[in-house]
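For reference, the structure is listed below as structure tokens.
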């Protein structure tokens with residue numbers, strides 16, 4: 001049994017896989033007569049076709065240690081996950097090695113962080129760690145198969 | 001002094017102004033081996049040019065009664081606001097009458113509701129009612145002036 005440890009999510013560590021959507025990453029533009037900070041354009045949206053859409057995902061909360069037995073990726077579009085509660089969530093990603101995932105990494109977000117998975121990045125399914133498990137998802141709306149799944153021959157324990 | 005009362009936000013009442021982004025509005029698609037519900041494509045994104053982007057807004061919480069003295073609109077794009085905490089927020093919108101706002105409506109969201117303002121809809125600035133006032137905003141990234149402001153000759157008290 002393979003076991004990996006979670007790490008705190010940082011934009012630097014996550015850069016090979018996607019964007020961390022957080023307020024700390026850029027200087028804000030001050031708007032609304034000083035009452036609001038705008039942290040602008042934090043995610044690289046990338047769709048081969050179709051268009052961007054806004055959806056909601058309501059996912060069952062999990063807990064650590066978590067048994068990972070499947071990775072997936074979306075060849076036609078990036079996918080952003082924005083938590084709609086003040087809770088961390090678990091983010092699992094992997095590098096690609098000739099069409100298969102390899103070198104799995106697990107991160108736990110800080111409160112207020114979202115992520116944007118770059119197009120074709122191997123990742124685990126959405127894994128909240130707390131109720132209500134509600135997320136806004138900005139991803140590709142389009143036709144055709146945009147899902148590749150890879151069941152792991154040996155499950156990985158994420159601790 | 002004009003005074004208006006807030007109403008609970010419903011998709012029906014908000015339809016002339018935009019979309020309510022909420023789980024109750026459509027039947028979900030069940031994904032991730034039964035562990036996640038996907039409520040698909042809940043907002044009409046509409047940009048005359050440019051592209052959709054994901055930004056974060058951190059806004060100062062307000063309280064009721066709130067004095068409204070300015071409305072604004074964005075002629076080139078829709079604008080979605082997704083709360084990143086489990087709190088209601090105040091949404092103020094108005095109809096258009098020959099290039100000026102008229103007939104102002106104020107809504108208080110339910111927990112877990114976001115909104116998408118249709119392109120060119122008159123609205124108040126982002127007004128959280130609770131800390132932390134953190135929102136994900138999906139709107140137009142592009143050049144040129146996309147802001148029209150209308151200072152109200154007589155402020156409106158929103159109660």
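Protein chains in written order, with UniProt numbering: chain A, 1 to 159; chain B, 1 to 159. Every residue gets a Cβ at the ideal spot worked out from N, C-alpha and C, and that includes glycine.
- Under the Cβ distance rule, residue 32 of chain B counts among the residues neighbouring chain A, one pair being separated by less than 7 Å.
- For residue 37 of chain B, the neighbours in chain A by C-beta distance under 9 Å run, in chain order, 56, 57, 58 and 59.
- Between residue 117 of chain B and residue 78 of chain B, the beta carbon gap of about 6 Å places them in contact (Cβ cut-off 8 Å).
- Residue 24 of chain A sits exposed, since fewer than 16 C-beta atoms from the chains shown fall within 10 Å of its C-beta.
- Within chain B, the residues 55 have their CB atoms less than 7 Å from the CB of residue 40 of chain A, given in chain order.
- Non-local C-beta neighbours of residue 54 of chain A in its own chain, meaning closer than 8 Å and more than five positions away in sequence, comprise 136, 137 and 138, ordered along the chain.
- Sequence-ordered contacts of the segment 92-123 of chain B with chain A read 112, 114 and 116 [C-beta pairs closer than 8 Å].
- Within its own chain, the residues whose Cβ lies closer than 8 Å to the Cβ of residue 51 of chain B, once the five positions on either side in sequence are excluded, are 140, 141 and 142, listed in chain order.
- A contact is defined here as three or more CB-CB pairs under 8 Å, and the segment 124-132 of chain A fails this definition with respect to the segment 36-51 of chain A.
- Exclusion of the five residues before and after residue 111 of chain A leaves 86, 87 and 88 as the residues of its chain whose Cβ lies within less than 8 Å of its Cβ.
- Using a Cβ-Cβ cut-off of 9 Å, residue 125 of chain B is close to 31, 32, 33, 35 and 36 of chain A, given in chain order.
- Proximity of chain A to residue 85 of chain B at the Cβ level (cut-off 7 Å) is accounted for by 85 and 86, in chain order.
- Shown here, residue 58 of chain B sits in a strand according to DSSP, grouped into three states.
- Between the beta-carbon of residue 148 of chain A and that of residue 22 of chain A there is about 28 Å, and that puts the pair past the 8 Å contact cut.
- Around the beta carbon of residue 99 of chain A, fewer than 16 other beta carbons lie within 10 angstroms, which makes this residue exposed.
- In this model, residue 8 of chain A and residue 157 of chain A are separated by some 17 Å (Cα to Cα).
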